[in-house]
Amino acid sequence: MLPRWNSRVRAYVGADVVRADWYRGWFKRVLAQSVELPGDGSADLDDAIERLDAAFARLAERGARLAGSACEIVLADAWLLYDVIDADLRDAPARIADETIRAALADIAGVAPAALDVRWQPQGTRYGACALPSSAVRSLVQVCAKHRIRLRSATGELVEVFNAQRARIAGGAGWLLAVVRPTGVQFGLWRDGAMAAASFEPAANNAAALERCTRALLRRAGVDGDSIRCYAAGAIGFDLPAGWTPLSVR
């Protein structure tokens, strides 16, 4: 399959919605087709990936030439596990570091290490890490291959929002990012440029719960809340607490 350099596919996979966008253009890509399939918020990851398959098929029906296109997939954080792992692995081979971090996340998730696909980033003697079920990664690869799409990346929404908004939110002593979805809120706390803590809260979809969960996360991390700037993105259907800044993301 030859790469199609003048087109790209971006997809979001969540329990509440699955969206697939097809972009065209050489120098300035423009959105040519978009398919959005709403859900009721109760779908599991396997169901959502089936809807992604349907969304790709719908794009093709509308004339999108998907074959050879690179695809970037963003996954709702409810299906990922984020954590900060304390371990001095600076002198360890990459394979040993990967096995150690994978085992730590598997212990938290209560699954075998082989059941997880893990990504991590060194932060001195700590590691910001996230994990996704290996079975889901295989399913995503299969769905993309079915439509002759090249899977370039599969990223959690917290990381996607942070990377997209880094220039705006990074700086100062620290910042907290909350990604709000109907299934819950993913929190990420950064201090001095490194992830310091993370948690997913299923019932934080209102201002009072957002504040309560934020205070709890800061307390667990031993961080003074007065030095932290707070941002929220996603499906925010309520007024944010005082001092919070909304972020607009697609």
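Numbering (numbering that gives the first Met the number 0), first residue to last: 0 to 249. Beta carbons: idealized from backbone N, C-alpha and C, even for Gly.
Check, Outcome
"Own chain residues within Cβ distance below 8 angstroms of Arg-101, not counting five before or after", "Pro-112, Leu-115, Val-117 and Ala-130"
"Classification of Ser-6 by the beta-carbon crowding that lies within 10 angstroms, buried from 16 upward", "buried"
"Closer than 8 angstroms: Leu-176 CB and nearest the ligand FAD heavy atom", "Among the components of this structure there are no ligands whatsoever, and the ligand FAD is therefore not found."
"Beta bridge counterpart(s) of Trp-119 as assigned by DSSP", "Ala-128"
"Inter-stretch contact at 8 angstroms, needing at least 3 Cβ pairs: the region 35-46 / the region 63-71", "no"
"Nearest-angstrom beta carbon gap, Ser-198 and Leu-216 [assumed within contact, 8 angstroms]", "6 angstroms"
"Enclosing beta strand (DSSP E) for Ala-197 [first to last residue]", "193-200"
"According to DSSP, residues forming a beta bridge with Gln-185", "Val-178 and Phe-199"
"Sub-9 angstroms separation of Val-184 and Cys-212 beta-carbons", "yes"
"Beta-carbon proximity of Ala-53 to Gly-13, cut-off 9 angstroms", "no"
"Residue closest to Ala-59, alpha-carbon to alpha-carbon, out of Val-140, Arg-228, Lys-145 and Ala-135", "Lys-145"
"Contact check, Val-178 vs Ala-231, beta carbons under 9 angstroms", "yes"
"Meets three-Cβ-pair contact criterion under 8 angstroms: the region 80-94 and the region 167-181", "no"
"Integer-rounded CB distance, given that Ala-10 should sit under 8 angstroms from Ile-72", "5 angstroms"
"Start-end ranges of the alpha helix (DSSP H) lying completely within the region 5-31, minimum 4 residues", "none"
"Per-residue DSSP class, three states only, for Trp-139", "A small fix is needed here, since residue 139 is Leu in this sequence, not Trp. Residue state, collapsed to three classes: helix."
"Under 9 angstroms between C-beta atoms of Ala-193 and Arg-125", "yes"
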